Structure formats: structure tokens, C-alpha cells
Amino acid sequence: MKKYVLKRLLIAVVTLFLITLILFVMEKAMPGSPFNDEKMSHAQVAALYRKYGLDGPIWLQFFNYLKNMITGDFGVSYTVQVNTPVTTMIFQHFKISLQIGLQATILGSIIGFFMGVLAAVKKGTIWDNLMTGISVLGISLPNFVVALIISLIFSYKLMVLPGTYQQTQPFVSSILPTIALSTFTMASIERYVRNDMITIMDSDYYRLADSKGIKKYQLIMHHVIRNTLISVITVLAPLMIDLIAGSMVIEKAFAIPGLGTLYISAIQANDYNVVLGITFFYAVLFIGIMLVVDILYGLIDPRIRLDEGE
Amino acid sequence: MKRSAAIVSTAIACVGMLLTGCQKSSNSGTQNQSKITVVENTPVDSLDPAVAYQESAIVTVANTTEGLYTMDAHDKPQFGLASKVKTSNHGLTKTFTIREDAKWSNGDPVTANDFVFGWRRFSDPKNASPYNFELGAAGIKNADAITLGKKPTSDLGVRATGPKTLVVELDHPVPFLSRILAFAPFAPVNQKYFEKTGKKFGQDSSHVIATGPYKIKDWKLGDNTVQLVKNPKYWDAKNVKVKEIKLDVITDPEKAAIAFENGNADYVRLSGQLVSKYHKDKNFVDEISNFNHYLIFNMKEPGINNANLRKAISVSLNRKEITTHILKDGSVPVHSMVMRKLGKNPKTGKDFADESTTNLSQYSPADAKKYWNKAKSETKLRSFTLLYDDSDPSYSNVAAYIKAQVEKNLPGMKVNLQQVSKKTRLDKMAKSNFDVGISRWAPDYGDISAVLNMYVTGNASNYAKWSDPEYDRLIAQANKETDLSKRYQLLLKANNILVDSAACPPLYQAGAPVLRRTNIKDMPMHISGVPLVFKYVYIK
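Listed in order, the protein sequences are those of chains A and B.
According to numbering that gives the first Met the number 0, numbering within the first sequence proceeds without interruption in unit steps and concludes at 309.
According to numbering that gives the first Met the number 0, numbering within the second sequence proceeds without interruption in unit steps and concludes at 539.
(1) Please report whether the beta-carbon of L491 of chain B lies at a distance below 8 Å from any beta-carbon of chain A.
(2) What did DSSP end up calling N40 of chain B once you bin it into helix, strand or coil?
(3) When the distance is taken between beta carbons, is N408 of chain B closer than 8 Å to A374 of chain B?
(4) At a Cβ cut of 7 Å, what residues of the segment 151 to 162 of chain A count as close to chain B, listed as they run along the chain?
(5) Give me the residue from B:I321, B:N141, B:K229 with the minimum Cα distance to T59 of chain B.
(6) What does the alpha-carbon distance come out to for the pair S24 of chain B and D443 of chain B?
(7) What does the alpha-carbon distance come out to for the pair V171 of chain A and K195 of chain B?
(8) Kindly list the residues whose CB is nearer than 7 Å to the CB of F285 of chain A, restricted to its own chain and excluding five residues on each side of it in sequence; keep chain order.
(9) What residues in the segment 41 to 61 of chain A bring their beta carbon closer than 7 Å to a beta carbon of chain B?
(10) Could you tell me whether any Cβ in chain A is nearer than 8 Å to the Cβ of F132 of chain B?
(11) Which residues, taken in chain order from the segment 223 to 253 of chain B, show a beta carbon closer than 7 Å to some beta carbon of chain A?
(12) With 16 other CB atoms within 10 Å as the buried threshold, where does P579 of chain B fall?
(13) Tell me where the alpha helix (DSSP H) around R178 of chain B begins and ends.
(14) Identify which residue in B:N282, B:N452, B:A449, B:N415 has its Cα closest to the Cα of D434 of chain B.
(15) Within 10 Å of its beta-carbon, does T29 of chain B have 16 or more other beta-carbons around it, so buried, or fewer, so exposed?
(16) Taking the C-alpha atoms as reference points, what is the distance between N304 of chain B and I312 of chain B?
(17) Determine the direct distance from the alpha carbon of G259 of chain A to that of K279 of chain B, and round the result to whole angstroms.
(18) For S438 of chain B, which residues from the same chain have a beta carbon less than 6 Å from its beta carbon, with the 5 sequence-adjacent residues on both sides left out?
(19) Is there a C-beta anywhere in chain B that falls below 8 Å from the one on E309 of chain A?
(20) For the beta strand (DSSP E) that L246 of chain B lies in, which residues bound it at each end?
(21) For L65 of chain A, does the count of other Cβ atoms within 10 angstroms reach 16, so buried, or fall short, so exposed?
(22) Does D201 of chain A come within less than 8 Å of chain B when only Cβ atoms are used?
(23) Classify Q22 of chain B as helix, strand or coil using the three-state DSSP reduction.
(24) Taking the alpha-carbon of D100 of chain B as reference, which of B:H89, B:A81, B:H525 has the nearest alpha-carbon?
(25) Looking at the structure shown, is E54 of chain B part of a helix, part of a strand, or coil, going by DSSP?
(26) Report the CB separation of A449 of chain B from A136 of chain B in whole angstroms; it is logged as a contact under 8 Å.
(27) On the criterion of 16 or more Cβ atoms from any shown chain inside 10 Å, does A502 of chain B qualify as buried, or is it exposed?
(28) Quick check on E286 of chain B: does DSSP put it in helix, strand or coil?
(29) Less than 8 Å between the CB atoms is what I'm expecting for Y51 of chain A and Y77 of chain A, so what's the real figure, rounded?
(30) Determine, for L155 of chain B, whether the minimum Cβ-Cβ distance to residues of chain A falls below 8 Å.
(31) Using the C-alpha atoms, what's the distance from A236 of chain A back to G543 of chain B?
(32) Leaving aside the five residues before and after P530 of chain B along the sequence, list all residues of the same chain whose C-beta is less than 7 Å from its C-beta, in chain order.
(33) Could you list the residues in the segment 132 to 143 of chain A with a C-beta less than 9 Å from some C-beta on chain B, going in chain order?
(34) Whose CA, out of B:I215, B:V498, B:L220, lies closest to the CA of K199 of chain B?
(35) At the level of alpha carbons, what is the spacing between C21 of chain B and T322 of chain B?
(36) What residues match up with N291 of chain B in a beta bridge as DSSP calls it?
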């Protein structure tokens with residue numbers, strides 16, 4: 000197990016290095032610089048290049064960047080939030096994305112879970128069909144369409160919830176984005192739970208327990224839901240990363256100053272350090288969570304312990 | 000499955016009808032008489048006067064850190080922290096007296112040294128302040144040499160001869176000095192406070208102090224809301240009527256308009272597409288922006304530098320059609336390099352933009368044909384690429400229109416369109432790596448020279464790389480001229496030379512349609528410098 004984790008960690012470090020290198024080179028190769036502006040004279044741009052150490056050869060810039068990165072210094076922003084350390088910016092913006100992502104995960108999985116249970120228990124009835132219909136809609140409707148519909152209804156027509164993010168009311172203004180973001184999770188979990196429960200309810204051990212005369216409620220709670228929960232947790236991790244990192248469209252739709260919004264503005268403004276910093280952060284997040292999930296799989300089910308499994 | 004789909008759709012339709020049936024009428028807004036919410040479309044990038052660049056940042060800095068002057072609701076400069084000024088040495092020395100009652104929000108008195116320190120920081124090439132060229136435009140002694148790093152900041156023509164006496168020395172007299180000094184980067188900086196806060200200066204509301212009518216409450220970089228509350232220590236606090244101004248950053252104009260309709264905003268800018276929806280609304284105000292749009296010809300490019308070709312293209316475009324059929328947002332055709340409302344004839348009061356006598360930007364298919372026939376014999380160029388960026392959704396339509404008009408009026412000429420990001424466009428233009436491009440310019444201070452200075456030989460923003468010794472001479476002469484009428488005539492002559500060259504034919508001045516609550520008074524959009532000044536605003 001140790002060897003496996005070490006190997007995975009090593010691969011992670013190499014991946015991160017490559018991501019940083021490729022992105023660094025690509026950024027420099029892109030047309031334009033952070034300081035292209037109608038108002039800036041050549042002398043001013045040259046002064047800014049000197050100030051931020053962008054005037055040296057590219058390998059030296061990369062070396063310096065790596066050196067600083069190891070000490071946790073990801074540089075400062077050149078244009079978006081001038082002279083602010085990139086780590087501070089990521090932290091500030093990520094807090095908002097994380098809050099909405101977590102809320103959406105919790106909301107989506109709880110509702111999806113109950114919908115799935117209802118559909119499985121009432122299999123073949125109108126309830127099952129209704130739940131199936133809702134989840135088909137949830138999977139097939141892109142979340143920005145949901146965002147538009149709910150902001151039209153609750154913000155524009157009824158005027159009960161803000162349609163754009165209000166810094167002064169962080170929770171109230173996170174309600175609509177949370178709902179829009181949670182629909183896919185809700186629908187996925189519903190499908191997953193329903194199918195899993197139906198498989199379990201078809202299994203021999205369920206039939207045996209049923210024939211022993213155990214009450215239906217107890218059967219469901221102890222033998223079906225418990226087993227289903229394990230599989231729900233395994234699908235939840237990748238869904239959660241998607242929600243936290245993939246909420247750019249929703250952030251745009253509700254004018255949320257989250258990490259996605261910052262990422263887009265940094266790309267548009269050629270703000271090198273910010274783009275690099277956020278990409279690195281996302282990469283660490285993905286690689287880290289996938290690593291943890293893989294390790295957890297191994298702990299839960301020794302058959303998955305890849306290279307030690309044979 | 001069919002049954003379930005029917006049930007689901009019926010259920011959704013019922014909920015939808017139920018909810019939309021409860022529609023409330025549009026909120027009238029500004030219910031709270033002491034608060035105004037203004038929507039900005041760019042986030043604040045810094046609160047440091049030397050670094051702030053985005054419009055929202057300039058508005059925030061200018062309304063919290065007043066300088067020597069401020070602009071009133073009629074776009075006239077009024078004394079801010081200065082109480083009087085004495086001019087001597089043939090207009091080359093200005094001695095300002097700082098108000099006795101001018102205080103920082105931490106209680107420190109505002110001193111002349113705060114200006115010396117602030118302006119030296121502003122001029123320091125190490126800070127590479129985006130607006131530092133304005134020090135030169137203001138004529139402050141040695142400013143250009145200092146911003147280029149050729150002289151130390153201590154050589155800047157500003158010094159304190161007493162705690163409340165500020166002496167400003169100029170290289171040449173500047174008739175619009177009070178206007179330019181009202182701009183945000185000319186704000187004072189409290190040296191003691193600055194040294195205490197160090198690198199954090201200007202990065203959040205706990206690391207700035209105010210001298211102006213408002214101060215910032217709870218804000219850090221990246222927040223999309225800036226709350227400005229009345230500054231009780233402001234010298235003229237009794238005349239500041241609105242207690243709180245909230246700046247909300249919403250980049251999407253449609254979202255901003257919805258916020259206005261919901262009563263969550265009191266002042267929003269509209270995009271061209273929204274004008275037809277709101278132009279009959281009682282809150283609709285058809286303001287004109289300070290952006291003039293131009294076609295820029297690359298004079299380094301053989302063929303493109305052919306004068307007849309450029310003239311043919313310029314007169315082949317019907318600017319009226321662009322503004323009324325394509326933009327539809329209150330934009331107006333311009334026939335002068337200088338935008339409307341920027342300068343007036345000191346004798347007659349006529350707008351400079353209307354005094355341009357050249358007709359090289361007037362639509363005339365017959366003239367286009369004439370110039371094109373001449374050009375055809377002088378150059379083999381039969382196609383060019385029109386470069387434009389994606390910073391405004393209307394540019395694609397304008398570019399498509401130009402292509403269609405040029406190809407129609409100049410038979411045999413083919414126009415290729417190239418859309419890139421704004422940074423890429425500027426990069427290409429700065430490197431002369433383009434044929435013809437669409438560009439825009441807004442003056443940074445309220446004088447005609449803010450536009451015309453740009454086309455002087457060697458100016459970094461002169462993307463056409465156009466050069467004319469007579470033009471350079473006229474501008475240099477105008478910059479030294481103290482007689483306002485003579486100066487005006489020199490600038491007018493220069494303008495006409497530039498328009499006649501068709502190197503950068505003016506196209507249109509963009510409209511700035513806004514929704515502003517009818518009860519908000521004295522909050523116009525200023526054509527140059529700080530766009531919104533809140534000191535004089537009141538709610539009726």
C-alpha cells in the first residue's frame with residue numbers, strides 16, 4: 000500500500016510539474032502581454048516588465064517561478080487585482096466557490112437520494128415515473144438553462160431572491176446558484192440510488208431476509224439503504240470536484256465573484272501568475288481528491304488495490 | 000415513459016403558471032432615501048491612487064480621496080482640498096493653499112507634504128502608474144523625464160513650502176490644469192500612514208484612509224461590492240447629501256438591467272441591444288460616452304499607406320447608418336478626431352467636434368469611386384484584413400458593415416475580417432502587425448489635447464504610426480500657447496490635417512445609455528476624468 004501511495008504521489012508531482020511547464024511556455028507564446036493597453040507607453044511597459052522580472056530569458060523566469068512556488072509564493076497579480084499575492088486571491092475567491100459547491104453537493108445528494116429511494120420502493124408506479132422524469136430533465140438540461148429559468152421566476156418575476164450575488168447577503172444570494180448547480184448531482188444520485196436499490200432488492204439475500212418476515216421498513220433501512228450508501232459515497236467525490244471547479248458558467252450567470260470568475264478574467268487579461276496559480280490549484284485539487292478516492296477504494300475493497308491485488 | 004413525461008411536463012407547467020401569476024409590478028427603487036446603488040461593469044483593481052486603473056477603482060478613489068479639485072455636477076472644476084491658488088511667474092508657478100479644515104479620516108490634518116509624497120509616488124517609474132503620462136500633460140516640471148526614469152522623483156515640480164502651502168512648478172502654462180488635477184491619481188497620500196501599512200496599502204478598506212466625501216466600508220480586493228459611506232471628517236460633510244453609495248460589479252448588462260428592475264440598483268449602463276427595450280422607460284437617459292471610435296490604417300504597410308485608398312475607404316462608410324441601424328444605442332457619427340463635449344470654442348462656445356471643416360469623413364459613394372480609381376493606378380493592393388476585438392459585442396456588426404460597404408463602393412477590393420481579444424489587438428497594433436483596425440479612445444482629462452497629443456510622431460498610442468511635421472509643430476505650439484483662442488485655432492488646424500490624411504478616420508462616438516432613477520439628481524456622467532462624482536448628488 001505504501002509503495003502504491005508513493006508511486007501515485009510521484010506521478011502527481013511529475014504531472015503538476017508538466018502542467019506548470021506547458022502552461023508557462025504557452026502563456027509566454029500567446030500574443031499580447033498583461034500590459035498591452037492603449038494608455039501605456041513603451042517606457043511604462045518596459046518598466047513594468049523590469050518590475051515583475053519578465054524581462055529575462057524564459058528559462059530563467061520559469062526557474063524563478065518554480066523556486067518561489069516551492070516556498071508557497073505564486074507571485075502577484077499584474078492586472079486583475081494589482082500587486083495582490085495570487086495565493087490570497089485564490090483563497091478569497093475559492094471560499095465563495097467552495098461554499099456554493101458544498102451547498103449544491105449536500106442539497107443535490109440529499110434530494111437525489113430520497114428521490115431514488117422513493118423511485119425504487121415504488122418501482123413501476125407513478126412515483127417512479129415522476130422521479131425518473133425529473134432526473135432525466137436534471138441530467139439533460141444544462142445547468143445554465145436551469146439558472147436562467149429559476150432566476151427568471153424567483154428573481155425577475157417574484158422578486159424574492161437576488162439574481163446576482165450580493166456580498167452583503169452571501170447566504171441568500173447563494174440559494175439560486177446552489178439550486179441550479181445541484182440539479183445534475185440530484186439527478187445522477189437519483190439514477191444511481193434507484194438502480195442500486197433495485198439490484199439489491201432483486202438479490203437472494205434480500206429475498207431471504209424478506210421471507211424471514213422482517214418488516215419492510217427495517218429491510219429497506221438496514222439491508223438496502225446501507226449498502227447503497229457506500230456506492231453513493233464513491234460517486235460523490237468526482238461529482239463534488241465538478242461542482243466546486245466546474246461552476247464557472249453558474250458563477251457567470253449569477254455574477255458570483257468565485258474562483259471561476261477570477262480564472263476567466265485572468266485569462267482575458269493575460270494575468271500570467273493568476274492563470275498559472277489557479278490552474279495549479281485546480282490540478283492539485285483534482286489529483287489530490289482522485290488520489291484520496293483511489294486509496295479509500297483500496298481500503299474499502301482490497302480487490303481494487305491495483306498493483307498489490309494480484 | 001410517455002405517461003410519466005406527460006405528468007412531469009404538466010406538473011412543471013402548473014408550477015410555472017402559479018409562480019408567474021404572482022408577478023409583482025416593477026420596483027420603484029431608491030426606497031431608502033439615503034442610499035444609491037450604482038452598477039459598475041469592471042471590478043476594482045486597487046485603491047492605491049497610483050495603481051488604480053479600472054473605472055470602478057477610479058470612481059472609488061476619487062470619491063474617497065479628494066485632491067486639490069473636484070468636478071461639480073455641471074462638469075466645472077471646483078476647489079477640493081485647496082482653498083485658493085495664486086498664479087505667478089507667467090503662469091508657470093501655482094501656489095495652492097490647503098484648507099485648514101481638511102482632514103484625513105484617521106484625524107490627521109491634510110498637509111502640502113501629502114500631495115508632494117502622493118505625486119512623487121505617482122511619477123515614480125517603479126510604480127509604473129498607468130496614468131503617469133498625465134503628469135506630463137499637466138505640464139508639471141520634469142514629469143516626463145521622471146516617468147522615463149531619467150531624473151529622480153525629487154526633481155518633480157512640486158514642493159511644500161509650509162504645512163498648508165503647496166507650490167507646483169510647470170514647464171509650460173496649462174489652461175486646463177484644474178480639470179486634470181481633479182483626476183484620481185493626483186490624490187494626496189499620507190506618508191506616515193503609507194509607511195505604516197507598507198505593501199498592504201490600498202489592498203483593502205482597512206489599509207486606506209479618506210480625505211473625500213466618502214470612505215470605504217468593509218471591502219477587500221476581489222469583492223464585487225464596494226460600500227461607500229459618508230465621511231464625517233470631510234471638510235464639506237454638511238453638503239454631502241447621500242449617506243451611502245453602493246457600487247455593485249455586474250459585468251453582464253442584462254443582469255444589471257434586471258437588478259435595476261428589481262429595485263436592487265439605481266444606476267446601470269445599458270448595452271445597445273437593451274436600448275430598444277428601455278428607451279421609453281421614464282428612467283432611461285440617453286447619455287453620450289467619451290469613447291470615439293476610429294479606423295486605424297497601418298502607415299507602415301505598403302498599399303495601406305496609399306492616401307487615395309484610405310480616403311476612398313473613409314468616404315465609402317455611411318456613419319449615420321452605423322449609428323442608427325447597427326448600434327442603435329444613442330451613438331452619434333463623428334467627423335472630427337475629438338469627441339463631442341470635450342472642448343468649446345472660447346469665443347463662440349461652439350463644440351470643437353462640430354467645427355471640423357473637412358469632409359473626408361462624410362459619406363460619398365461618388366468620391367469613394369473617384370479616390371478608388373486613383374488608388375487603383377497607384378497600388379496593387381486588392382485585399383486587406385480588418386482587425387477588431389471582442390471587448391464589445393457590437394464590433395462584429397460594425398466590422399461586417401464596413402466590409403460590405405467597402406466591397407460595394409470599391410469594386411474589386413476584398414476585406415477579410417479578423418476578430419481577436421483586446422490584448423491581442425493592442426499587441427498587434429503596437430507592433431504594426433495589422434492592415435486596418437477598429438480602435439477607440441477616451442480622453443483622460445478634459446481638454447482637446449488629450450486626444451490630439453496622441454497622434455504626434457513617436458507617441459506609443461499612435462498605432463497608425465502616422466507622422467506629419469506640420470501637425471507635430473502645431474501641437475507643440477498649441478501646448479505652449481497661453482492665448483486660449485489662438486490655442487484653439489492651432490488645435491483645430493491640427494485636427495483637420497489629421498482627418499484629411501485619413502490615417503485614422505473617425506467613425507462614431509459611442510452612446511452611453513443608462514437607466515437612472517428619476518429622483519436621483521446631479522449625477523451626470525463626466526466626459527473626461529472621473530466619470531461619476533457623488534459629492535453633489537441628491538435624491539429628490
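Don't be surprised by glycine CBs; every beta carbon is placed ideally from N, CA and C.
Computed from a predicted model, the values in this text were never measured in an experiment.
The short version:
(1) No - not a single Cβ of chain A is within 8 Å of the one on L491 of chain B.
(2) If DSSP states are grouped into helix, strand and coil, N40 of chain B belongs with coil.
(3) In this structure, N408 of chain B does not lie closer than 8 Å to A374 of chain B by Cβ.
(4) Those residues of the segment 151 to 162 of chain A that come within reach of chain B (Cβ to Cβ, closer than 7 Å) are I152, S154, Y155, K156, L157, M158, P161, G162.
(5) Minimum Cα distance to T59 of chain B is reached at B:K229.
(6) Only weak support exists for where S24 of chain B lies, its pLDDT of 35 falling under 50; the value from the coordinates is given anyway. In this structure, the alpha-carbon of S24 of chain B lies about 41 Å from that of D443 of chain B.
(7) Distance between the alpha carbons of V171 of chain A and K195 of chain B is about 38 Å.
(8) Excluding positions up to five away in sequence, the list reads I240.
(9) For the segment 41 to 61 of chain A, residues whose beta-carbon sits nearer than 7 Å to a beta-carbon of chain B comprise H41, A42, Q43, A46, L47, K50.
(10) Closer than 8 Å to the CB of F132 of chain B there is at least one CB belonging to chain A.
(11) So the close ones are N223, T224, I249, T250, D251.
(12) Shown here, chain B extends from 0 to 539; a query on residue 579 of chain B therefore has no answer.
(13) From DSSP, the alpha helix (DSSP H) with R178 of chain B extends over 176 to 179.
(14) Of B:N282, B:N452, B:A449, B:N415, the residue nearest in Cα terms is B:N415.
(15) Per-residue confidence for T29 of chain B stands at a pLDDT of 47, beneath the threshold of 50, marking its modelled position as unreliable; no derived number is given.
(16) When only Cα atoms are considered, N304 of chain B and I312 of chain B end up about 12 Å apart.
(17) Rounded to whole angstroms, K279 of chain B to G259 of chain A spans 37 Å at the Cα level.
(18) Taken in chain order, the residues that qualify are Y293, I295.
(19) Summary for E309 of chain A: the model assigns pLDDT 38, below 50, so the residue's position carries little reliability, and this model does not support an answer.
(20) Run containing L246 of chain B: 243 to 248, per the beta strand (DSSP E) assignment.
(21) Under this definition L65 of chain A is an exposed residue.
(22) No, D201 of chain A does not count as interfacial toward chain B.
(23) Below a pLDDT of 50, predicted positions are generally treated as unreliable, and Q22 of chain B, at 36, falls in that range; the measurement from the model is reported next regardless. Coil, per DSSP.
(24) Here the closest residue by C-alpha is B:A81.
(25) Assigned with DSSP and collapsed to three states, E54 of chain B falls in helix.
(26) That belief holds up - the Cβ atoms of A449 of chain B and A136 of chain B are roughly 7 Å apart, short of 8 Å.
(27) Flag for A502 of chain B reads buried.
(28) In the structure shown, E286 of chain B sits in a strand (DSSP, three-state: E or B).
(29) Right, the Cβ-Cβ distance comes to about 6 Å (below 8 Å), so this counts as a contact.
(30) Taking Cβ atoms only, chain A never reaches closer than 8 Å to L155 of chain B, which makes this a no.
(31) Any answer about residue 543 of chain B is impossible in this case: the structure gives chain B only from 0 up to 539.
(32) Closer than 7 Å at the Cβ level, and outside the excluded window around P530 of chain B, lie E54, V58, M524.
(33) Going along the segment 132 to 143 of chain A in chain order, one finds G132, I133, V135, L136 with a Cβ nearer than 9 Å to chain B.
(34) Ranking the options by Cα distance to K199 of chain B, first place goes to B:L220.
(35) Bear in mind that a pLDDT of 37 at C21 of chain B, under 50, signals an unreliable position, so the number given afterwards is only what the model happens to contain. Straight-line measurement puts the Cα of T322 of chain B at about 40 Å from the Cα of C21 of chain B.
(36) Beta-bridge pairing links N291 of chain B to B:W440, B:Q508.
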